[in-house]
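Presented below is the structure to which this report refers.
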Amino acid sequence: MRGYFIDLDQVDSVKEWSVTIYNHLASRSMPLTTDQTQFWPIDALETFRLWVNQGWRVDQTSPFDPADRIPPPDLPQKVKRIRADIRSLSQDELDAYRAKLDDIMQIGNPDRGAPWQIFAYIHTNWCLHYQEAFALWHRAYLLYLEELIDFAIPYWDWMAQDASVDGSPEAGLPQAFLDEAYIHPGTGKKRPNPLRYAAAKDGNSKLCAIGKMSGPDCKYVQRNPLFYTSGDTDRAERTRFYAMARIFQQQVVDALEFETFSTPQGVPGYPWANIPAFHPPQPDNLYPYRDVNFDGLYEQPHDNYHGWLGPDMGDNAYTAFDPLFLSYHANIDRMLEVWIRNHPGAQFTTQTPLQPFLGAGATDVSYSSADHWRYTSIGEMAQDSRRIGYDYSEPVAKQFTGDAARKKSPTAVKAKPSIPGKVVKEAGVSADPFVATRAEAKIMDDGPWVVFDDVRCTHDSYLIDVFINQADATPNDATSCNMHYVGRFSRIGMGLVDDKGRCVTQGVSRVLNAGPTIYSLDLRPEDKPQISLVVTHLDTGRVVTADEYKALPGFIPQLVWGDPRQPIIGQMAPRGCCSLH
């Protein structure tokens, strides 16, 4: 501290600088030690404040000289809304939310002029995907609805520890979305549950629009029917279906380990590529990691969950008509907030407009303003949510933080501590990973990752299931019990022709962690593992031929030995078979 003219060994010096010392300690701009993560405890700060206000007494004989030299610390700033775990809501709170959707949004009205149809069509016509704005655009979208209904959207916690275990209360959809009816708090009348019976796009579910379903239920959004089963009914199929969620959860954990939100090419320590010769113009496929970062990887589990949830949720033109979209994306936003709060120094200064939302808080919309400065910007949405006016309460269930058997290389960076505030208690990897053997660490340090390059928007939606050394795989082999199965990469189609530039024209990269599969199969680079795909058309359930999917953008994978992330923390859990619960 002498470099700042403060001598902590001298009482007079501490006395002179005590207010400045306190302010820096309390604001956490001055760490307790050289460890940048260690700060004075709140109790110690209060003791120091009282010591100064009592007159800097050095022993029992020192006189008191009371004065308000340091005022009490600022109370936490109140936020406008707190988004709660939907499973934590009381019946009255849940019914109040349902009534808002009924009364204000007219959620069951399929008329094109109904508020719910107008709101959902914003997503159909304006949503951004396959670019770094995707999570931030959807943040603005939720804020706009909260302004319309004056109610905090409750989140669906699909990151719960047992969300992938059939029979667990966290598995599948929360009961709030399964109930047939509710009692309207204003009228006392029994009404259809708007969280289940919401009018689909133009009053015609995707299944009906493509001719796979007919009848009165066509009016409402449709989800995977396994969500509505329980007990012994379809137990085996449901168990495999729910187990898929663990893979998606791990993908979220992998994304949270990135140190960068979006990585431009040429950043020091992150070279463009290892290319021996340059013959401009260089083709994009020579730069397989150009967009591998938090934002790039996080969109993968986002897409996977959409496709997993069912026909309407799996198509961008239909998805926002399902009120499940709101609570699902509130949790997407909650995990985004984990990353933002773990990286307070991240810089988001871009003024790129997130149309059609207006203002710093996305409280209004305009569909035709030529003044781009009026629109909500990426930078305004990429802040700590408390600056924008909302926060998250703690989830009901313990959070999934990574497979308990994950191994970590001795050179890997320590996992981040829990984030401050209420968002989640834990984020990142397992609390006590054990050190891998030398051979295992080499496998992990050398990769591998399955990289899909040139990923761009498609019209239709697809499920891409990836396997190692299983050329004859079928959709039934896409289960976490299968040692050859790497995971799923869902491609959620835009549904409509993209005529608004919502999709990047230069493709991005998406990755799947193949480490667990490679480790389970005991493979090395010299074994030359072979990747195979099963591509399924989400709407029809038809397995797409190789000739068909190779003609689509970003459907040809490559196995890359070497971790493109910064830092590296691999998942090395051997696969075993699932048991039925």
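Just so you know, we're using full-length UniProt numbering here: the sequence shown kicks off at 1 and counts up by one. Glycine residues also receive a C-beta, built at the ideal position from the N, C-alpha and C atoms. All of these numbers come straight from a predicted model, not from anything done at the bench.
Helix, strand or coil, according to DSSP, for residue 20 in the structure here?
Residue state, collapsed to three classes: helix.
Looking only at C-alpha atoms, which of 385, 335, 453 sits nearest to residue 399?
Looking at the Cα atoms, 335 is the closest of the given residues.
Going by DSSP, what residue range makes up the beta strand (DSSP E) through residue 513?
Taken as a continuous stretch (DSSP letters only), the beta strand (DSSP E) holding residue 513 covers 508-513.
On the DSSP bridge assignment, give the partners of residue 81 in chain order.
390, per the DSSP bridge assignment.
Once DSSP output is grouped into helix, strand and coil, what is the label at residue 357?
In this structure, residue 357 counts as strand in the three-state DSSP scheme.
Sort 150, 96, 156 by Cα distance to residue 170 and report the nearest one.
Checked all of 150, 96, 156; the closest Cα to residue 170 is 156.
The beta strand (DSSP E) that contains residue 122, what's its start and end?
Note, residue 122: premise wrong, no beta strand (DSSP E); alpha helix (DSSP H) at 115-126.
Thinking residue 307 and residue 21 are a contact (beta carbons under 8 Å), I'd like their distance in whole angstroms, please.
Rounded, the Cβ-Cβ distance is 55 Å, inconsistent with contact.
So what does residue 315 bridge to, in DSSP terms?
Looking at the DSSP assignment, residue 315 forms a beta bridge with 493.
Please report the distance separating the alpha-carbon of residue 19 from that of residue 33.
Going by the C-alpha atoms only, they are around 19 Å apart.
Where does residue 42 sit, in a helix, a strand or coil, going by DSSP?
If DSSP states are grouped into helix, strand and coil, residue 42 belongs with the helices.
Out of 483, 548, 58, 490, state which residue places its alpha-carbon closest to the alpha-carbon of residue 521.
The shortest C-alpha separation from residue 521 is found at 483.
Curious, which full-length beta strand (DSSP E) runs of at least 3 residues does the region 181-267 contain?
Within the region 181-267, the complete beta strand (DSSP E) runs of at least 3 residues are 181-183, 190-192.
Can you tell me the Cα-Cα spacing of residue 407 and residue 515, whole angstroms?
Confidence is the limiting factor: at residue 407 the pLDDT is only 37, short of 50, which leaves the residue's position unreliable, though a coordinate-based value still follows. Using only the alpha carbons, I get a separation of about 11 Å.
Alpha carbon to alpha carbon, what distance is there between residue 518 and residue 222?
Spanning the two alpha carbons is a distance of roughly 37 Å.
To which residues of the same chain is residue 106 closer than 6 Å at the C-beta, ignoring the five residues directly before and after it?
Around residue 106: 114, 115, 116.
Indicate whether residue 244 and residue 488 have their beta-carbon atoms separated by less than 8 Å.
For residue 244 and residue 488, yes; Cβs fall inside 8 Å.
By Cβ distance, which residues of its chain are closer than 6 Å to residue 100, with the 5 residues on each side in sequence left out?
The answer, listed in chain order, is 149, 151.
How many angstroms separate the CA atom of residue 463 from the CA atom of residue 539?
Their Cα atoms are separated by approximately 10 Å.
Return yes when at least one heavy atom of the ligand ADP lies under 7 Å from the C-beta of residue 380, else no.
Absence of the ligand ADP from the depicted structure is noted, as is the absence of any ligand whatsoever, leaving it without description.
Report the rounded CA-to-CA distance for residue 573 versus residue 474, giving the unit in angstroms.
Per-residue confidence for residue 573 stands at a pLDDT of 36, beneath the threshold of 50, marking its modelled position as unreliable; the derived number appears in the next sentence. If you take the alpha carbons of residue 573 and residue 474, they lie about 24 Å apart.
Which same chain residues end up closer than 7 Å to residue 271 when comparing Cβ atoms and leaving out the 5 residues on each side of it in sequence?
Low confidence applies to residue 271: its pLDDT is 29, below 50, so where it sits in the model is not reliable, and the reading given next is rough at best. If we look at residue 271 and ignore the five residues flanking it on each side, it has no Cβ neighbours.
Do residue 393 and residue 85 come within 8 Å of each other at the CB atom, strictly closer than that value?
Result yes, Cβ atoms of residue 85 and residue 393 sit closer than 8 Å.
Could you name the residues that DSSP lists as bridge partners for residue 537?
462, per the DSSP bridge assignment.
I'd like the list of long-range same chain contacts for residue 532, defined as Cβ closer than 7 Å, with 5 residues on each side in sequence excluded.
Only 467, 470, 471, 473 meet the Cβ criterion.
Suppose you measure from the CA of residue 46 to the CA of residue 324; what does that come to, to the nearest Å?
Those two C-alpha atoms are separated by around 45 Å.
Using a Cβ-Cβ cut-off of 6 Å (strictly less than) and excluding sequence neighbours within five positions of residue 227, which residues of its own chain qualify?
Contacts found: 172, 173.
Does the count of Cβ pairs from the region 49-63 and the region 126-134 closer than 8 Å reach three?
Not touching, per the Cβ criterion.
Report the rounded CA-to-CA distance for residue 350 versus residue 373, giving the unit in angstroms.
Near 12 Å, if we compare the C-alpha coordinates of residue 373 and residue 350.
Who does residue 559 pair with in a DSSP beta bridge?
The partner list for residue 559 (beta bridge, DSSP) reads 450.
Tell me which residues share the same chain as residue 459 and place their Cβ nearer than 6 Å to its Cβ, disregarding the 5 neighbours each side in the sequence.
Around residue 459: 493.
Under a Cβ-count criterion, where at least 16 other Cβ atoms within 10 Å of its own Cβ denotes burial, should residue 210 be classed as buried or exposed?
With fewer than 16 other Cβ atoms within 10 Å, it is exposed.
Please report the distance separating the alpha-carbon of residue 554 from that of residue 453.
The straight-line gap from Cα to Cα measures roughly 5 Å.
For residue 293, which option in 510, 543, 139 has the closest C-alpha, if you only look at C-alpha atoms?
Nearest option by C-alpha distance: 510.
How would you label residue 606, buried or exposed, when you count the other beta carbons within 10 angstroms and need 16 or more for buried?
No information on residue 606 is available, as it lies outside the stretch 1 to 581 that the chain covers here.
Which same chain residues end up closer than 8 Å to residue 455 when comparing Cβ atoms and leaving out the 5 residues on each side of it in sequence?
Once the five neighbours on either side are set aside, the close Cβ partners of residue 455 are 130, 491, 507, 508, 509, 510, 553, 554.
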